[in-house]
Every structure is written in structure tokens, then in C-alpha cells.
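Reading through the C-alpha cells given below for one structure.
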Amino acid sequence: MLRIRRLRARAGPERDRRAVRRHDHLKRLQAFASLLLSLAVAGCGSESEPTTTAAERPGTGATLVAALGDSITAGSPGYDPDPAVRAQLPGGGDERSQYEHWAERAEPGLELRNCGDSGERTDQIAARLAECAEGADALIVQGGVNDIAQRRPVTAAARDLRSMVRRGEELGLDVHLVTLLPWNGGHPAADRPIARLNERIEAIGADEGVEVIPFHDELEDPGEPGTMPARLTADGAHPSIAGYRRLGELVAERVGG
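Numbering (our numbering), first residue to last: 202 to 458.
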């Protein structure tokens with residue numbers, strides 16, 4: 202049985218704002234992809250108290266993993282952890298369209314809390330860390346492509362990611378970082394900033410002593426670097442169900458192994 206935990210949905214205007222933002226997220230990505238390609242053609246260059254652990258939570262021996270990130274963590278385009286957003290999706294959303302679902306299936310000892318929020322930059326993701334990590338044993342930090350899409354410096358995104366890693370460690374969590382996926386819609390202009398941020402993510406992992414889970418390499422098309430193959434992407438920006446399955450099984454291996 203799927204045991205993904207979700208934070209309580211926000212009510213009222215805030216929930217509605219989030220729903221609109223998520224609904225428009227893919228359109229913004231596609232629009233910026235066109236801008237990136239035009240620029241390429243034009244030659245433009247580019248102190249803390251520990252949380253309660255599973256052992257201290259009655260009735261469960263599972264490792265609770267806080268999955269914090271943007272739409273890749275949320276499960277776009279087929280799923281969203283917010284019921285208000287999910288209600289707008291075909292069939293009310295497909296729970297298979299999220300890596301958390303597949304990680305739990307592959308490793309029953311894991312319990313994942315989906316804290317994905319579509320369209321967020323790393324600074325916005327960082328603002329939600331404390332809420333997402335409450336009571337967790339482990340933390341997965343994912344994000345950065347929206348920083349690139351909004352032309353925010355790679356250095357700023359890397360700084361936010363490092364701060365989240367350090368915050369997770371201060372909370373006593375087993376922290377994992379993931380690399381950015383290839384972005385078909387931004388290819389080839391987005392390839393270099395994605396590669397630069399992924400290099401910084403690897404460096405953060407080495408500096409801070411945390412594991413980096415290679416999402417990028419797992420879904421990159423070896424025949425066309427910088428992209429995901431058609432069967433592994435739903436829309437050129439997010440994985441398909443098959444792609445999320447690959448990511449979830451990788452997470453189960455790295456976090457639950």
C-alpha cells in the first residue's frame with residue numbers, strides 16, 4: 202500500500218495561487234525554452250533541535266524521507282501532492298507519476314513525503330525545508346532548473362542547495378542531493394548551465410560528505426546528450442511514468458540500500 206505522506210493542503214487564496222502557478226508552470230518553461238534557443242542563435246553566452254526519528258515514532262519502523270523540490274519532486278505533469286491541484290488533472294492525477302511512488306514499491310522500508318512545488322526556484326524551495334523535514338529521518342534535496350529558466354545565476358542556486366544540505370545535517374537528517382535532469386525544451390542552450398550547476402552539486406556533495414543521486418545520467422539519452430529519450434519524458438521537461446519509475450528505483454537503491 203502506498204504510504205506517501207503529504208503536508209496539509211493550504212486553504213483559500215494561497216491554495217488558489219499555488220494551483221494557478223502550477224497550471225501555468227509548463228507554459229512558462231516552454232516559453233523560456235524558445236527564448237533560450239533564440240539567444241543561442243544570436244550568439245549570446247551563455248542552532249537547531251533534531252527532528253523526531255522513525256525509531257521515536259510509535260507504530261512504524263519505516264525510514265521517513267522528506268522529498269523536497271520543484272515539479273520533478275511533485276510528479277508533474279501527471280501528479281501533484283496538493284489535492285486542489287490534483288483535482289484539476291485528468292482522472293484526478295496518477296500516483297505513478299512521481300518517483301516517491303516507485304521508491305516505496307522498490308524498498309518497502311522507505312516512506313516518502315512528497316514536498317514538491319511546481320515552478321519554484323531553489324530559494325523558494327529552501328523556505329519550505331523546516332516544514333517538509335518535520336519528523337523525518339532523511340532528506341532529498343532537488344531543484345535548480347527553474348533558477349536556470351528564470352536566468353538566475355548558477356552560483357546563487359548552488360548556494361541555496363548547499364544551505365539546504367547544511368540545514369538538513371543540522372537537523373540530524375541523512376541528506377541526499379540529486380542532479381538536474383536534461384531539459385529537452387531548453388536543449389541545446391540550457392545544456393551548459395545545467396552542466397555547470399550539476400558540477401557544483403557534485404562539489405557540494407563532496408565538500409559536505411553527502412551522496413549525490415545522478416538523476417541526470419539516469420535519464421539522459423546516450424544518443425542525444427542533453428535530452429531525455431521520448432519514452433522517459435512526458436513533455437520534454439518532466440519524466441514520464443517510465444522515467445519516474447527509473448528515478449524512484451534509483452532513490453530506493455541509494456537511500457534505502
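Cβ atoms here follow ideal geometry from the backbone N, Cα and C, with glycine treated the same way.
> Bridge partners of Leu313, per DSSP?
Replying inline: Here the question's residue 313 lines up with position 112 in the sequence shown. In the DSSP assignment, the residues bridged to Leu313 are Val266.
> Is the CB of Ile402 under 8 Å away from at least one CB in chain B?
Replying inline: The structure shown has no chain B; it contains just one protein chain.
> Per DSSP, which one or two residues make a beta bridge with Val342?
Replying inline: If you number the sequence shown from 1, residue 342 lands on position 141. For Val342, which the question treats as bridged, DSSP gives the partners Leu269 and Leu378.
>> As a quick exercise: from Glu308, Gly444, Pro415 and Ala275, pick the residue whose alpha carbon is nearest that of Gly320.
In response: Within the sequence shown, numbered from 1, the residue matching residue 320 stands at position 119. From the listed residues Glu308, Gly444, Pro415 and Ala275, the smallest Cα separation to Gly320 is found for Ala275.
> Which residue comes first and which comes last in the beta strand (DSSP E) that contains Glu412?
Replying inline: Position 211 of the sequence shown holds residue 412. Counting along the chain, the beta strand (DSSP E) containing Glu412 begins and ends at Glu412 to Ile414.
> Quick one: what does DSSP say Pro282 is sitting in, helix, strand or coil?
Replying inline: In the sequence shown, counting from the first residue as 1, residue 282 sits at position 81. It is coil, neither helix nor strand.
> How would you label Gly444, buried or exposed, when you count the other beta carbons within 10 angstroms and need 16 or more for buried?
Replying inline: As a working mapping, residue 444 is identified with position 243 in the sequence shown. Looking at its Cβ environment, which holds 16 or more other Cβ atoms inside 10 Å, Gly444 is buried.
> What are the boundary residues of the alpha helix (DSSP H) that Asn399 is part of?
Replying inline: Along the sequence shown, read from residue 1 onward, the residue named residue 399 stands at position 198. Residues Asp392 to Glu409.
> Among residues of its own chain, excluding the 5 on either side of Ala307, which ones have a beta-carbon nearer than 6 Å to its beta-carbon?
Replying inline: The residue labelled residue 307 in the question sits at position 106 within the sequence shown. So the list reads Glu450 and Ala453, once near-sequence residues are dropped.
> DSSP three-state call for Pro291: helix, strand or coil?
Replying inline: Counting from one through the sequence shown, the residue named residue 291 turns up at place 90. Correct three-state label for Pro291: helix.
>> Using the three-state DSSP reduction, which class does Ile442 fall into: helix, strand or coil?
In response: Reading the sequence shown from its first residue, position 241 is the one you call residue 442. Annotated three-state conformation of Ile442 is helix, per DSSP.
>> On a Cα-Cα basis, can you pick out the residue from Arg393, Ala438 and Leu398 that is closest to Thr323?
In response: Here the question's residue 323 lines up with position 122 in the sequence shown. The shortest Cα separation from Thr323 among Arg393, Ala438 and Leu398 belongs to Leu398.
> What is the DSSP secondary structure of Thr274, counted as helix, strand or coil?
Replying inline: In the sequence shown, residue 274 corresponds to position 73, counting from 1. Look at Thr274 here: in three-state DSSP terms it is helix.
> What residues in its chain sit with their C-beta under 7 Å from that of Asp422, if we drop five residues either side in the sequence?
Replying inline: Against the sequence shown, residue 422 aligns to sequence position 221. Excluding positions up to five away in sequence, the list reads Thr428, Met429 and Pro430.
>> Pop quiz: Ala304 and Leu313 are said to be a contact at Cβ under 8 Å. What is the actual Cβ separation, rounded to whole angstroms?
In response: Numbered from 1 along the sequence shown, position 103 holds the residue referred to as residue 304. Numbered from 1 along the sequence shown, position 112 holds the residue referred to as residue 313. Cβ atoms of Ala304 and Leu313 come within 8 Å of each other, at about 6 Å.
> Just reading off the alpha helix (DSSP H) that Ala359 is part of, what are its end residues?
Replying inline: Position 158 of the sequence shown holds residue 359. Counting along the chain, the alpha helix (DSSP H) containing Ala359 begins and ends at Val355 to Glu371.
> For the alpha helix (DSSP H) that contains Trp303, what are its first and last residues?
Replying inline: Here residue 303 refers to the residue found at position 102 of the sequence shown. Annotation: the continuous alpha helix (DSSP H) that includes Trp303 extends over Tyr300 to Ala307.
> Asp271 to Glu425, Cα distance in whole Å?
Replying inline: Looking up residue 271 in the sequence shown gives position 70. Looking up residue 425 in the sequence shown gives position 224. Just so you know, the alpha carbons of Asp271 and Glu425 end up roughly 25 Å apart.
> On the three-state DSSP scale, how would you describe Thr323?
Replying inline: For the purposes of this step, residue 323 is taken as the residue at position 122 of the sequence shown. Collapsing the DSSP output to three states places Thr323 in a helix.
> Asp418: buried (16+ other C-beta within 10 angstroms of its C-beta) or exposed?
Replying inline: Residue 418 sits at position 217 when you count from the first residue of the sequence shown. With fewer than 16 other Cβ atoms from the protein chains shown falling within 10 Å of its own Cβ, Asp418 counts as exposed.
> Alpha carbon to alpha carbon, how far is Glu370 from Arg287?
Replying inline: By 1-based counting over the sequence shown, the position of residue 370 is 169. By 1-based counting over the sequence shown, the position of residue 287 is 86. Each residue's alpha carbon lies about 32 Å from the other.
> When the Cα atoms are used, what is the spatial distance from Gly387 to Ser441?
Replying inline: Here residue 387 refers to the residue found at position 186 of the sequence shown. Here residue 441 refers to the residue found at position 240 of the sequence shown. In this model, Gly387 and Ser441 are separated by some 17 Å (Cα to Cα).
>> Given a cut-off of 8 Å on the beta-carbon distance, is the pair Val266 and Ile349 in contact?
In response: Locating residue 266 in the sequence shown gives position 65, counting from the first residue. Locating residue 349 in the sequence shown gives position 148, counting from the first residue. No, Cβ-Cβ distance for Val266 and Ile349 is not below 8 Å.
> According to DSSP, what are the bridge partners of Thr428?
Replying inline: Within the sequence shown, the letter at position 227 stands for residue 428. Note: Thr428 sits in no beta bridge, so no partner.
> Closest by CA to Leu381, which one among Glu409, Asn315, Cys316 and Ala358?
Replying inline: In the sequence shown, the residue the question calls residue 381 occupies position 180. When each option's Cα is compared against that of Leu381, the closest is Ala358.
>> Measuring straight from C-alpha to C-alpha, what distance separates Ala390 and Ala396?
In response: Numbered from 1 along the sequence shown, position 189 holds the residue referred to as residue 390. Numbered from 1 along the sequence shown, position 195 holds the residue referred to as residue 396. Near 11 Å, if we compare the C-alpha coordinates of Ala396 and Ala390.
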